[in-house]
Every structure is written in structure tokens, then in C-alpha cells.
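First up is the structure itself, then whatever we jot down about it.
Chains as they are written, first to last, in the numbering used here: chain V, 16 to 315; chain X, 26 to 288.
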């Protein structure tokens with residue numbers, strides 16, 4: 016659905032915001048686009064949508080490389096870029112009517128999308144009086160009003176309470192089930208973990224990981240860690256220096272690749288005359304995976 | 026049909042905005058000021074065998090062209106852009122299936138309609154207030170003469186054309202600058218300089234688009250003997266210049282809008 020090759024972008028020809036970025040968003044996927052603040056997520060999205068001009072590289076969206084010139088493609092794309100663009104002096108209904116007119120649609124889907132994002136009761140209230148979460152929901156309603164094939168959502172759960180996040184998650188899952196493709200940028204790893212079918216991790220303007228959620232999960236499992244408590248933490252740390260991730264007064268965190276390795280580590284510790292009090296496997300979360308990748312990239 | 030959709034969208038945006046109310050009442054407010062001015066100094070209207078309406082309309086035209094129409098236009102355009110800037114709407118509008126120039130023209134359309142309403146309603150309100158004045162002060166024989174509504178409409182049409190240059194420049198400034206305060210400030214600076222230049226009868230006045238409404242009013246002055254000095258239906262060189270400025274700045278605005286990137 017989206018294919019990016021060698022995308023480079025810079026505002027001043029000196030500092031590269033995006034550097035040879037490659038990215039592929041498959042049709043029908045919820046693509047979780049992860050990255051720290053300032054990693055280049057929003058800039059990538061703006062480049063995809065033709066709001067910024069790439070310094071180099073190609074971007075293909077739904078088969079066209081000329082999205083800015085062939086603007087009819089925008090009728091197939093729904094967008095929510097950071098804070099939603101809303102006319103504060105108008106109600107939710109009027110904001111949606113404007114979008115409907117800009118998309119050359121009638122008003123028939125307005126009630127449906129308002130109901131879907133949970134704003135049916137406050138549809139006549141001025142947007143200026145909305146909370147941040149309500150504005151975000153309205154932004155989602157605007158993005159989905161014309162039933163687009165591709166949704167590009169930049170931080171869509173910003174400002175939402177846990178119930179709101181759950182509603183958005185279920186809404187996006189439903190959209191995916193109906194065949195829509197969703198590019199979802201966020202720095203909330205747990206949300207991406209729950210929603211996405213594919214993941215791309217961006218750091219310093221380059222994609223450091225891209226793959227399906229299953230592939231990522233199996234990769235994560237191959238990068239296990241254990242927390243071990245012994246009678247001499249310092250000595251344990253020195254003994255297993257090559258595997259040591261961190262340590263404090265009570266525990267050592269060690270990297271392990273499989274279960275046999277855990278048994279080998281314990282034998283080594285015991286052979287060195289150190290008593291082992293406790294060994295626990297630490298679930299390798301997406302957060303750790305993300306941190307590992309981004310630290311590797313940041314390291315000189 | 027697609028263009029009509031965009032115009033409808035622009036009209037929805039105007040709901041409850043200052044520009045809408047502003048354009049609806051501004052002519053009424055100017056006329057109200059003219060009316061109350063005459064209730065204080067009504068004797069100046071009366072002179073033998075002259076149509077009191079002519080003087081009444083001339084004073085009204087003088088106030089609107091010298092003081093009101095240009096600031097009014099600057100504010101009118103400002104409110105259109107203020108709504109967009111407050112909504113940070115470029116990222117929404119530029120990802121809609123419409124050419125940017127079409128969007129720009131769709132926004133221009135209600136602006137022109139509002140400006141047209143201001144100039145037309147001004148004549149109607151002036152005539153209405155003149156009749157009320159005549160009822161209050163029958164001795165000045167306003168009811169014995171007919172108001173020069175047609176001449177006034179012709180003059181206001183010329184003023185409408187002379188305002189297009191200002192409209193073009195202001196649109197360009199709003200396209201060029203992200204902040205709405207810079208076009209506002211520059212607009213008022215141009216207006217003040219044009220006003221000073223025209224008061225001082227400086228020769229450069231005729232090259233300053235913001236002074237065109239004042240110059241055009243002078244050209245189309247409705248004479249005290251009800252003879253319109255320059256209103257033969259053709260447009261003057263100043264109006265032609267205004268149209269030229271409008272078209273040039275419109276093209277520049279198109280260029281800026283089509284090349285604009287949204288950071």
C-alpha cells in the first residue's frame with residue numbers, strides 16, 4: 016500500500032531528518048510506526064502525504080508516486096496528523112459537514128462516525144469546549160468519514176483516557192477487518208503491541224526494524240533475560256561480564272539466548288562458589304526490544 | 026459541482042464568525058454614523074433648489090471610502106484566514122481531493138460576495154436612513170426629491186472594482202506569511218500611507234492600490250446638481266490598475282499556495 020525507498024529529507028541540506036529510509040506498509044495491515052520523539056515519524060508521514068517535499072528517494076502510495084499532483088488519491092486516504100485540524104467555533108457536526116464537502120460526499124455517514132467514536136451525545140457542542148480526548152475522537156471521525164482505503168494516523172491516542180484508548184483500538188481493529196490499511200504512528204509501545212499486525216521502528220531518521228508482529232515476537236523470544244540473586248552480586252557480575260545487562264545491590268540482569276544457557280550460567284556461578292538464591296525469567300517486552308534497537312543505533 | 030461543494034464548505038466555516046456579522050452590519054453602522062452626524066448638523070443639508078440627497082449621499086460615500094472600506098476589507102480577509110490558522114487546517118485541506126488553487130478560489134468567492142454585499146447594502150441603508158431623516162426633519166424636503174440610488178450603486182460598483190487590488194494584495198500577504206498579524210499590520214500600514222498620501226494630494230497616490238477607492242470616489246463624485254461627473258459605465262484607469270493588481274497578486278498567491286509545504 017505504501018512503499019518508501021531511499022527517502023531522505025532535510026530542511027536545510029545540512030541536518031538530515033530522514034536518512035535513506037526504506038519502508039513497506041502491506042495492504043490490510045495495521046502498521047505500527049514506532050519511534051522516540053524527534054525520530055522522524057511525523058516528517059515521514061508528511062512526506063508520504065505530499066505535505067513535505069522529499070530531498071531524495073521515492074514514495075509510492077497506492078501505486079502512485081505523484082500523490083501531490085494527482086490529488087484525487089486523497090479521497091482514498093484518511094489522515095490525522097498530530098493534533099487534529101478542527102474549526103473550534105463550530106460543532107462536531109459542522110466540522111464533519113466541511114470534511115464531507117471537501118471530500119465531495121453527502122452527509123449520510125456523519126451520524127455513523129460520530130456514534131463510532133463516541134461523540135453522538137455532544138455532536139452539537141462547540142469544539143472549543145471539547146476536552147483534548149474528545150477533539151482526538153473527532154479527528155478520528157474526520158479521518159474515517161469518507162471511508163478511506165488507507166488511514167494515516169499520527170499519535171491518534173494522544174490525550175485519550177484508558178476507555179478512549181480501548182474504544183479507538185477496537186475501532187481500528189474493526190477497520191482492519193473490513194480491509195482497510197492503517198499506518199499508525201505512536202510512541203506508546205504497549206498500544207502498538209496490542210493493535211499492530213506489522214511494526215516499523217525508526218531512529219534518527221532511519222528504519223532500524225521492520226517486520227510482522229509474529230516475526231518480532233519470535234525475535235524477542237530469542238533475546239531472553241534473567242534476573243538472578245546471589246550471595247555475591249559483584250563477583251557474579253564479574254564472572255558473567257559478557258552477559259551482564261545491569262546490576263544493583265540485590266540482583267544481576269543477564270542476557271540469555273535459550274533455556275540451556277540458563278542452566279549453564281547457574282552451573283558456572285555454582286562452580287565459582289557463589290550461592291544462587293533466586294532466578295527469574297524476565298519477559299522481553301516490546302519496550303526492551305525497542306530500547307535495544309534504538310540504543311544500538313544511537314551508540315557511536 | 027465539485028467547486029460548489031467547496032463553496033458550501035467555506036460557507037459552513039463562516040457560521041458564527043466575526044466576518045459574517047461584520048459584513049452584515051458594517052454598512053448599517055457607517056450609515057448610522059452618517060445619520061446621527063446629520064441629525065446634529067441637519068441645516069447644512071438645506072439649500073434652495075438643490076437635492077438634499079446628493080449631499081447626504083456624498084458625505085456617506087466620503088466616509089465609507091476614506092475611512093471604512095479599506096480597514097473593513099482588511100478585517101474581512103483576516104477573519105477568513107484567522108479561522109483557518111486557528112484550526113491549523115492546512116494539513117487537512119491539503120490532503121483533500123481538491124486542487125489547492127480550486128480551494129483558494131472557493132475561499133475567494135464568499136469574500137467577493139461579502140464585499141459586494143457591503144457596497145450594495147451601503148446604498149440601500151443610506152437611502153433608508155435618508156428617508157428616516159426626512160421624516161424627522163420634513164422642512165428639509167428630502168421627500169420631495171428622489172435619492173440617487175442608481176448613481177450611488179454605480180459609484181459603489183466602481184469602488185468595489187477599486188477594492189479588488191487591495192483584496193489581491195491582502196490575500197497574497199496571508200498566503201505568504203504564517204502569522205495573520207503580519208498581513209494585518211502591513212495592511213493597516215498601507216492604508217495609513219494611502220490615506221496620508223491622498224489627503225496631501227501627493228502625485229504618487231495614483232500608484233498606491235490602497236488609495237484607489239478614495240481616488241475612484243473622487244472621479245465618480247456625484248455633483249451637487251445631480252450630474253454624475255464620471256460614471257458613464259466604463260471603468261477608469263485606476264479601476265483597471267486595481268484589476269491588474271488583483272490578477273497579479275492572485276497569480277502570486279496561487280504560486281505560493283501551490284508550492285507551500287506544511288511543516
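By construction, the Cβ of each residue, glycine as well, lies at the ideal position given by its N, Cα and C atoms. All of these numbers come straight from a predicted model, not from anything done at the bench.
Among residues of its own chain, excluding the 5 on either side of residue 266 (chain V), which ones have a beta-carbon nearer than 6 Å to its beta-carbon?
Excluding its 5 nearest sequence neighbours in each direction, residue 266 (chain V) has C-beta neighbours in its own chain below 6 Å: 242 and 244, listed in chain order.
Determine whether the beta carbon atoms of residue 94 (chain V) and residue 88 (chain V) lie at a separation below 7 Å.
no
So is residue 94 (chain V) in contact with chain X if we call contact Cβ pairs under 7 Å?
Flagged as an interface residue toward chain X: residue 94 (chain V), by a C-beta distance shorter than 7 Å.
The segment 44-58 of chain V touching the segment 78-87 of chain X, judged by at least three CB pairs closer than 8 Å
no
Excluding the 5 residues preceding and the 5 following residue 134 (chain X) in the sequence, name in chain order all residues of the same chain whose CB lies nearer than 6 Å to its CB.
32
How close, in whole Å, do the beta carbons of residue 184 (chain X) and residue 90 (chain X) come, if the pair is a contact with beta carbons under 8 Å?
6 Å
For residue 76 (chain X), go through chain V and note every residue whose CB falls closer than 8 Å to its CB, in chain order.
Within chain V, no residue comes near residue 76 (chain X); the closest Cβ sits about 46 Å away, beyond 8 Å.
Under 6 Å from any heavy atom of the ligand ATP, does the C-beta of residue 49 (chain V) make it?
This structure lacks the ligand ATP; in fact it carries no ligand of any kind.
Could you tell me whether the Cβ of residue 277 (chain X) comes closer than 7 Å to any Cβ of chain V?
no
Would you identify the three-state DSSP class for residue 20 (chain V), choosing helix, strand or coil?
In this structure, residue 20 (chain V) counts as strand in the three-state DSSP scheme.
Spell out a yes or no on whether the segment 122-141 of chain V and the segment 166-177 of chain V are touching, meaning 3 or more CB-CB pairs, one atom from each, closer than 8 Å.
no
Measure the alpha-carbon distance for residue 214 (chain V) versus residue 286 (chain V) and round it to whole angstroms.
43 Å
Buried or exposed: where does residue 176 (chain V) fall if 16 or more other Cβ atoms within 10 Å of its Cβ makes it buried?
Looking at its Cβ environment, which holds fewer than 16 other Cβ atoms inside 10 Å, residue 176 (chain V) is exposed.
Near residue 55 (chain V), which residues of its chain fall below 6 Å by C-beta distance, leaving aside the five closest residues on each side in sequence?
Same-chain partners within the cutoff: 32, 33, 217 and 220.
Thinking just about the alpha-carbon of each residue, which of V:128, V:156, V:131 and V:112 is nearest to the one in residue 122 (chain V)?
V:112
State the Cα-Cα distance for the pair residue 201 (chain V) and residue 159 (chain V), rounded to the nearest angstrom.
18 Å
Does residue 107 (chain X) have its Cβ less than 7 Å from a Cβ in chain V?
no
Proximal residues of chain V, C-beta to C-beta of residue 281 (chain X) below 7 Å
Near residue 281 (chain X) there are no residues of chain V at all, since even the closest Cβ is about 15 Å away, more than 7 Å.
List, in chain order, every chain V residue whose beta-carbon is nearer than 7 Å to that of residue 103 (chain X).
Near residue 103 (chain X) there are no residues of chain V at all, since even the closest Cβ is about 15 Å away, more than 7 Å.
Answer yes or no: does any C-beta atom of chain V fall closer than 7 Å to that of residue 95 (chain X)?
Cβ-Cβ to chain V under 7 Å: no for residue 95 (chain X).
Helix, strand or coil for residue 224 (chain X)? Go by DSSP, reduced to three states.
helix
CA nearest to the CA of residue 161 (chain X), picked from X:192, X:61, X:274 and X:201:
X:61
Terminal residues of the alpha helix (DSSP H) in which residue 10 (chain X) lies:
Nothing can be reported for residue 10 (chain X), as the shown portion of chain X is limited to 26 through 288.
Is the beta carbon of residue 100 (chain V) sitting closer than 7 Å to the one on residue 23 (chain V)?
Result no, Cβ atoms of residue 100 (chain V) and residue 23 (chain V) do not sit closer than 7 Å.
In this structure, does DSSP put residue 81 (chain X) in helix, strand or coil?
helix
Which value, in whole angstroms, describes the spacing of the CA atoms of residue 231 (chain X) and residue 191 (chain X)?
14 Å
Does residue 124 (chain X) come out as helix, strand or coil in the three-state DSSP assignment?
Residue 124 (chain X) falls in the coil class under three-state DSSP.
Relative to the alpha-carbon of residue 261 (chain X), which residue among X:39, X:275, X:187 and X:195 has its alpha-carbon at the smallest distance?
Comparing Cα positions, the closest option is X:187.
For residue 36 (chain X) and residue 270 (chain X), I'd like the C-alpha separation in whole angstroms.
26 Å
Can you tell me whether residue 70 (chain V) is helix, strand or coil according to DSSP?
Looking at residue 70 (chain V) - three-state DSSP - the assignment turns out to be coil, as it is neither helix nor strand.
Distance, Cα to Cα, residue 193 (chain X) vs residue 272 (chain X)?
7 Å
Quick one: Cα of residue 277 (chain V) to Cα of residue 113 (chain X), how far?
Their Cα atoms are separated by approximately 55 Å.
Determine the burial state of residue 166 (chain V): buried for a count of at least 16 other Cβ atoms within 10 Å of its Cβ, exposed for fewer.
So residue 166 (chain V) ends up on the buried side.
Take every Cβ of the segment 100-110 of chain X, pair it with every Cβ of the segment 288-295 of chain V, and state whether three or more of those distances are shorter than 8 Å.
Flag = no, the segment 100-110 of chain X and the segment 288-295 of chain V do not touch.
Which residues of the segment 61-90 of chain V have a Cβ closer than 7 Å to any Cβ of chain X? Give them in chain order.
Cβ proximity to chain X below 7 Å picks out 61, 64, 66, 67, 68, 86, 87, 89 and 90 from the segment 61-90 of chain V.
Neighbour list for residue 133 (chain X) in chain V, Cβ cutoff strictly below 7 Å
Under the 7 Å cutoff, chain V gives no residues; its nearest Cβ is about 16 Å from residue 133 (chain X).
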